[in-house]
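Listed in order, the protein sequences are those of chains A and B. Quick note: the first sequence, position 221, residue 221 per the numbering used here, numbers continuous. Quick note: the second sequence, position 125, residue 125 per the numbering used here, numbers continuous. We treat Cβ as the ideally placed atom computed from N, Cα and C, and that holds for glycine. All of these numbers come straight from a predicted model, not from anything done at the bench.
There are 2 protein chains.
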Amino acid sequence: MPQKWYNVAPDLPRPLDPPLNPETKEPIGPEALIPIFPMELIKQEVSQERWIEIPDEILRILALWRPSPLHRAFSLERALKTPARIYYKNESLSPPGSHKPNTAVAQAYYNKMEGVRRICTETGAGQWGSALAFACKLLGLEATVYMVKCSYQQKPYRKSLMHIWGATVYASPTNLTRCGRAVLEMDPDSPGSLGCAISEAMEDAVMHDDAKYSLGSVLNHVLLHQTIVGLEIKKQLEIAGDKADVLVGCVGGGSNFAGAILPFVADKIKGQALDFIGVEPCSCPTLTKGPYRYDFGDLARMTPLLKMHTLGHGFIPPAIHAGGLRYHGAAPIVCQLVDSGLVIPRAYHQNEVFEASMLFASTEGLVCAPETSHAIKGAIDEALKCKETGEEKCIVFNYSGHGHFDLAAYDAYLGGNLQDYEYPLDKIEKALQDVPVI
Amino acid sequence: MPQKWYNVAPDLPRPLDPPLNPETKEPIGPEALIPIFPMELIKQEVSQERWIEIPDEILRILALWRPSPLHRAFSLERALKTPARIYYKNESLSPPGSHKPNTAVAQAYYNKMEGVRRICTETGAGQWGSALAFACKLLGLEATVYMVKCSYQQKPYRKSLMHIWGATVYASPTNLTRCGRAVLEMDPDSPGSLGCAISEAMEDAVMHDDAKYSLGSVLNHVLLHQTIVGLEIKKQLEIAGDKADVLVGCVGGGSNFAGAILPFVADKIKGQALDFIGVEPCSCPTLTKGPYRYDFGDLARMTPLLKMHTLGHGFIPPAIHAGGLRYHGAAPIVCQLVDSGLVIPRAYHQNEVFEASMLFASTEGLVCAPETSHAIKGAIDEALKCKETGEEKCIVFNYSGHGHFDLAAYDAYLGGNLQDYEYPLDKIEKALQDVPVI
Numbered sequence: 001m002p003q004k005w006y007n008v009a010p011d012l013p014r015p016l017d018p019p020l021n022p023e024t025k026e027p028i029g030p031e032a033l034i035p036i037f038p039m040e041l042i043k044q045e046v047s048q049e050r051w052i053e054i055p056d057e058i059l060r061i062l063a064l065w066r067p068s069p070l071h072r073a074f075s076l077e078r079a080l081k082t083p084a085r086i087y088y089k090n091e092s093l094s095p096p097g098s099h100k101p102n103t104a105v106a107q108a109y110y111n112k113m114e115g116v117r118r119i120c121t122e123t124g125a126g127q128w129g130s131a132l133a134f135a136c137k138l139l140g141l142e143a144t145v146y147m148v149k150c151s152y153q154q155k156p157y158r159k160s161l162m163h164i165w166g167a168t169v170y171a172s173p174t175n176l177t178r179c180g181r182a183v184l185e186m187d188p189d190s191p192g193s194l195g196c197a198i199s200e201a202m203e204d205a206v207m208h209d210d211a212k213y214s215l216g217s218v219l220n221h222v223l224l225h226q227t228i229v230g231l232e233i234k235k236q237l238e239i240a241g242d243k244a245d246v247l248v249g250c251v252g253g254g255s256n257f258a259g260a261i262l263p264f265v266a267d268k269i270k271g272q273a274l275d276f277i278g279v280e281p282c283s284c285p286t287l288t289k290g291p292y293r294y295d296f297g298d299l300a301r302m303t304p305l306l307k308m309h310t311l312g313h314g315f316i317p318p319a320i321h322a323g324g325l326r327y328h329g330a331a332p333i334v335c336q337l338v339d340s341g342l343v344i345p346r347a348y349h350q351n352e353v354f355e356a357s358m359l360f361a362s363t364e365g366l367v368c369a370p371e372t373s374h375a376i377k378g379a380i381d382e383a384l385k386c387k388e389t390g391e392e393k394c395i396v397f398n399y400s401g402h403g404h405f406d407l408a409a410y411d412a413y414l415g416g417n418l419q420d421y422e423y424p425l426d427k428i429e430k431a432l433q434d435v436p437v438i
Numbered sequence: 001m002p003q004k005w006y007n008v009a010p011d012l013p014r015p016l017d018p019p020l021n022p023e024t025k026e027p028i029g030p031e032a033l034i035p036i037f038p039m040e041l042i043k044q045e046v047s048q049e050r051w052i053e054i055p056d057e058i059l060r061i062l063a064l065w066r067p068s069p070l071h072r073a074f075s076l077e078r079a080l081k082t083p084a085r086i087y088y089k090n091e092s093l094s095p096p097g098s099h100k101p102n103t104a105v106a107q108a109y110y111n112k113m114e115g116v117r118r119i120c121t122e123t124g125a126g127q128w129g130s131a132l133a134f135a136c137k138l139l140g141l142e143a144t145v146y147m148v149k150c151s152y153q154q155k156p157y158r159k160s161l162m163h164i165w166g167a168t169v170y171a172s173p174t175n176l177t178r179c180g181r182a183v184l185e186m187d188p189d190s191p192g193s194l195g196c197a198i199s200e201a202m203e204d205a206v207m208h209d210d211a212k213y214s215l216g217s218v219l220n221h222v223l224l225h226q227t228i229v230g231l232e233i234k235k236q237l238e239i240a241g242d243k244a245d246v247l248v249g250c251v252g253g254g255s256n257f258a259g260a261i262l263p264f265v266a267d268k269i270k271g272q273a274l275d276f277i278g279v280e281p282c283s284c285p286t287l288t289k290g291p292y293r294y295d296f297g298d299l300a301r302m303t304p305l306l307k308m309h310t311l312g313h314g315f316i317p318p319a320i321h322a323g324g325l326r327y328h329g330a331a332p333i334v335c336q337l338v339d340s341g342l343v344i345p346r347a348y349h350q351n352e353v354f355e356a357s358m359l360f361a362s363t364e365g366l367v368c369a370p371e372t373s374h375a376i377k378g379a380i381d382e383a384l385k386c387k388e389t390g391e392e393k394c395i396v397f398n399y400s401g402h403g404h405f406d407l408a409a410y411d412a413y414l415g416g417n418l419q420d421y422e423y424p425l426d427k428i429e430k431a432l433q434d435v436p437v438i
């Protein structure tokens, strides 16, 4: 198991554009983040150190399921009749069922070290909320999760998971925060939104001395914690006597994709032939259709301005089943890699990715999360290209999570009830009119 | 990974009492089973060979998740302040989420080898049905699953899993079989029962030349296939430089428990100090309160008579959440080991086993199936005994499945809505009046 995280910052093609203060348009300093995050995470956010030691207590908890297995998908290869070798990195074996606890455990640890007693966060469908609840329970912290109300009502089981791990879960909007009360005043029956839940969690953290806020993707320190995935892949391929030609992952905020590819970025910059493919839904085409510019991270404009591909912070994505891929922006690191041509973005429709995950379930046996099905589809398409060209490429994808809490989505697919959406370009342009040009 | 299954038959303290023809009370020969099972499984059922080679194609599929990890539960040990070492064998990482596919894959394989195109089976909550659907899909067979109607309606997600793996799932009673029609005539709104579903699946298999029947527990060949679990435990403990003092498992039909302990039975008979603890619910106290005698395996009296501990084939267990432990009998091999004093049976109540699984989730992070929580409680009690005596025992339990499809049971526990049942002795006596004494 790797003992250090890899920080890609010093190896990026150019320095990252800094987050800006929305008022002054000036770069914000780390001190602005102190009410929100513990100091050690702020340091990691801006660090230029290539390697950062993983503390023993974090390693001890990660060892409950890490190193995660890298499997060769022999049966899938046979079904595709491809000369390619396909590997998948199985991040679904963590207790919460995804890659998310890789950073949840680290974030909970640094908060604990700095005397924080309670962590506030938001969650949509509940994958991130359950990962943070898990991490807090194992480290003896309290977790407060603002869960978008419609998910709270429709997806009871991830809420149950959070309760098992001792978290307090609120249906957002609540009347516990200024922001929640404002929304409820306008509409007492509001189904909530991720933007509102973020605002409530941040407000809760800022208003209480013993509490901080935590985010499950997008930020540099989150991606840093996920590099353990790619570092393991590298080592495991070495042991298998193989070497990656193509790396594939799905992209919502970008953390699982970045975790897999960042440790290989320097190799590619040095000239190794290596493709990084980031897969997103056609209905939320951030990397494939969103311009690369400064925008807010949230609907309520509470965050600093971040340089990223964006569909506009006012973007409201269709209700696809891959809830984790419904974000208007993406991690600034991933966006810079797309902008510089090092990452190839690709978009697929719902039905074709479910078709891919059905093939995977029929061959390798595993039932994946709707988000993960995008990565599977990307890998399958690369393997089919190899079938045409005869190339014996080594294709690796990140199996980011299982679908045990998403079976209603499979029912919808099998019943022929899944709709495909193409997000229209004029809507994106309209959403972006509202964004300050810098 | 072990290349052979271990057959305990030649090492049992005495030969197993044979299954009897209910009409003649004479032992039934293997030929009576030909309409039901493929020849190779019938041979395994009566084999006296100590080691049976695992065919390559089975090994290839098992390798999707095997060898399964044996984890040291360091955090649980710390929480209990016990000098004992606690290990758990994690069988929850198989795609269907339990130990069941260890035999489902083997049974599907032997059926395929003998030209069977379709396998019929019954399922209650759906754990066995989904394991068989998975195995059939990977081996290119059809699966027909008769699912007890009330589960079919109340537990839609295991049904979804079976659909993903291509199985045909019927809500039993159906009007497709003589037996189902008879039940529906009496009560068109019958919620169904496992007994009825077994009868429907067997009838379907017997009536169709290209189909056979499959059972997920109880029989000798099922237990044989599960010994891969115990063989791995043995090897993994060796690698860890440790040696088991206590082995614990939950007992419904008995296959996961037997899989863990059978490879250690000969060691105990030769004099090694070693405790085998089989844990069952107080509400279905087969091993702790049922007499050891011949009884039918099913409500409808279609099976041969089996020598086992039994609560009477007419026994209707309370609706506890550990659905897999609600069987009136248990595997004849396990029962003989209990009768001869080699296995210690123990019974617990619902609430105390959920308390144990909550402690496990809070320390080791994993959320177990309600069945598995019985094994955890058994292991914790052994570890607490060590705390009193100061003994540094090595305690191993079989973590037979995850609880991802059982979160409603946790909600009930956390809401204080779980009832404890003690099954009254006079009811057992009454149910047994109906059983022929041999």
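For A408(B), at least one C-beta of chain A is nearer than 9 Å to its own C-beta.
Listed in chain order, the alpha helix (DSSP H) elements of length 4 or more contained wholly in the region 14 to 98 of chain B are 39 to 46, 56 to 62 and 74 to 80. Around the beta carbon of N102(B), a 10 Å sphere encloses 16 or more other beta carbons of the protein chains shown; the residue is thus reported as buried. Rounded to whole angstroms, S130(A) and T168(A) show a C-alpha spacing of 11 Å. 9 Å or more divides the Cβ of V229(B) from the Cβ of E364(B). Between V396(B) and the set S357(B), Y88(B) and W65(B), the nearest pair of CA atoms involves Y88(B). Cβ-Cβ distances below 7 Å link L194(A) to E122, G124 and V148 in the same chain, with the five nearest sequence neighbours on each side left out; the list follows chain order.
Only those residues of the region 142 to 171 of chain A whose C-beta falls short of 8 Å from the nearest C-beta of chain B are listed: P156, Y157, S160, L161, H163, I164, W165 and G166. Taking 8 Å as the Cβ-Cβ cut-off, the region 404 to 434 of chain A approaches chain B at H404, F405, L407, A408, Y410, D411 and L414, given in chain order. Within the region 110 to 135 of chain A, F134 place their CB atoms closer than 8 Å to a CB of chain B, listed in sequence order. Considering only H208(B), L59(B) and S75(B), the residue with the shortest C-alpha distance to L62(A) is S75(B). With the rule of 3 Cβ pairs closer than 8 Å, the region 317 to 335 of chain A counts as touching the region 276 to 294 of chain A.
Cβ-Cβ distances below 6 Å link V218(A) to G253 and A331 in the same chain, with the five nearest sequence neighbours on each side left out; the list follows chain order. Taking a 10 Å sphere around the C-beta of T24(B), we find fewer than 16 other C-beta atoms and assign the residue as exposed. Runs of alpha helix (DSSP H) with 4 or more residues, each lying fully within the region 138 to 179 of chain A, are found at 149 to 154 and 156 to 164, listed in chain order. Comparing alpha-carbon positions, the option among K430(B), S172(B), M358(B) and G401(B) lying closest to I316(B) turns out to be K430(B).
Not a single CB atom of chain A sits nearer than 9 Å to the CB of K89(B).
For S362(B), a Cβ of chain A is located within less than 9 Å of the residue's own Cβ. Within its own chain, the residues whose Cβ lies closer than 7 Å to the Cβ of D406(A), once the five positions on either side in sequence are excluded, are H321, A369 and P370, listed in chain order.
Going by C-alpha positions, P35(A) is about 37 Å away from L247(A). Spatial neighbours of P19(B) in its own chain (CB-CB distance under 6 Å, excluding positions within 5 residues in sequence) are listed in chain order as I28, P304 and L306.
Per DSSP, the continuous beta strand (DSSP E) segment holding L305(B) begins and ends at L305 to H309. Apart from the 5 residues on each side of it in sequence, S199(A) sits with its Cβ closer than 6 Å to the Cβ of C179, A300 and M302 in its chain, given in chain order. With respect to the 9 Å criterion, K234(B) and P263(B) are classified as neighbours on the basis of their beta carbons. In the DSSP annotation of this structure, the continuous segment of the beta strand (DSSP E) that includes Y399(B) starts and ends at C394 to Y399. Straight across, the Cα-Cα distance linking T310(A) with S340(A) is about 16 Å. Under the 9 Å criterion on CB atoms, L138(A) is classed as interfacial with respect to chain B. V343(A) sits buried, since 16 or more C-beta atoms from the chains shown fall within 10 Å of its C-beta. If you draw a straight line from the Cα of A9(A) to the Cα of M308(A), it comes to about 16 Å.
When rounded, the separation of the alpha-carbon atoms in E77(B) and I239(B) is 20 Å. Rounded to the nearest whole angstrom, the CA to CA distance from P188(B) to V183(A) is 50 Å. In the structure shown, the three-state DSSP call for E122(A) is strand.
By the criterion of at least three beta-carbon pairs nearer than 8 Å, the region 135 to 153 of chain B is not in contact with the region 379 to 386 of chain A. Here L325(B) carries a helix assignment [DSSP, helix/strand/coil]. A residue is called buried once 16 or more other Cβ atoms fall within 10 Å of its Cβ, and Q226(B) is buried on that count. For H402(A), the beta-bridge partners assigned by DSSP are C368(A).
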